[in-house]
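Okay, so here's the structure we're looking at.
In full-length UniProt numbering, the protein residues as written are 1 to 212.
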């Protein structure tokens with residue numbers, strides 16, 4: 001029988017992250033990711049199809065409101081592509097931020113029962129959101145390919161497309177980082193999570209997601 005020693009040490013500085021320990025708990029991380037994905041649409045009729053339905057309906061609303069009623073120009077970019085791309089990207093950032101900011105409150109019972117790296121929980125929220133993001137991104141690429149076949153001159157791909165993994169990584173880290181900053185405060189002030197959700201929703205309109 002093997003003996004295992006678990007040594008818990010205080011952090012020496014803010015960025016003292018034990019990546020080796022996180023890797024040792026990768027199975028637990030995968031379990032939390034699976035739990036987060038399954039429980040969202042469990043016992044629903046459409047299931048994961050909602051991952052695609054939601055951005056479609058939102059895109060239609062934005063086209064009607066911003067494109068037709070407000071008559072906001074997209075500088076020659078097809079409205080479907082312009083609004084759908086902004087929605088897909090912003091949804092992932094907003095979900096990572098909102099879910100991470102409520103991590104301690106949602107999992108307080110687990111934290112009190114067993115030890116594991118606390119960073120596992122925020123990482124699971126970001127990783128489960130990535131699954132939804134990649135499904136929506138795949139749908140966007142299908143729509144994008146359709147417009148490419150129509151030879152739209154304003155949407156031709158260029159070398160910056162190779163930086164997409166970098167952009168996604170930065171966006172995920174920003175969402176998780178900002179969420180972690182607020183997660184301890186939402187534990188004490190429960191109303192703060194509603195303010196965060198509302199603030200993120202308002203912040204969306206200050207980004208280039210809807211104005212070229």
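A virtual CB, placed ideally from N, CA and C, is assigned to each residue, including glycine.
Query: Go ahead and pull the three-state DSSP assignment for residue 155.; Result: helix
Query: Beta-carbon separation of residue 124 and residue 32 under 8 Å?; Result: yes
Query: State the DSSP-derived secondary structure class of residue 69, mapped to helix, strand or coil.; Result: helix
Query: Looking at C-beta atoms only, is the number of pairs between the region 195–206 and the region 114–124 that lie closer than 8 Å three or more?; Result: no
Query: Taking only three categories from DSSP, how would you classify residue 150?; Result: coil
Query: What are the boundary residues of the alpha helix (DSSP H) that residue 53 is part of?; Result: 50–62
Query: Between which two residues does the alpha helix (DSSP H) holding residue 98 run?; Result: 79–101
Query: Please list, in chain order, all residues of the same chain as residue 147 whose beta carbon is under 7 Å from its beta carbon, the five residues on each side excluded.; Result: 78, 81, 155
Query: Taking C-alpha atoms, which residue in 52, 40, 28, 34 lies nearest to residue 142?; Result: 52
Query: Give the straight-line distance between the Cα atoms of residue 167 and residue 137, rounded to the nearest whole angstrom.; Result: 13 Å
Query: Please determine if the region 84–97 and the region 172–189 are in contact, where contact requires at least 3 C-beta pairs separated by less than 8 Å.; Result: yes
Query: So what does DSSP say about residue 20, is it helix, strand or coil?; Result: helix
Query: Find the nearest neighbour of residue 133 within the set 22, 30, 42, 48, judged by alpha-carbon distance.; Result: 48
Query: Is DSSP giving residue 36 helix, strand or coil here?; Result: helix
Query: Beta carbon of residue 63, beta carbon of residue 41: below 8 Å?; Result: no
Query: On the DSSP letters alone, give me the boundaries of the alpha helix (DSSP H) that residue 109 sits inside.; Result: 108–111
Query: Quick check: residue 90 and residue 169, are their CB atoms within less than 8 Å of each other?; Result: no
Query: Mind checking residue 87: buried by the 16 CB within 10 Å criterion, or exposed?; Result: buried
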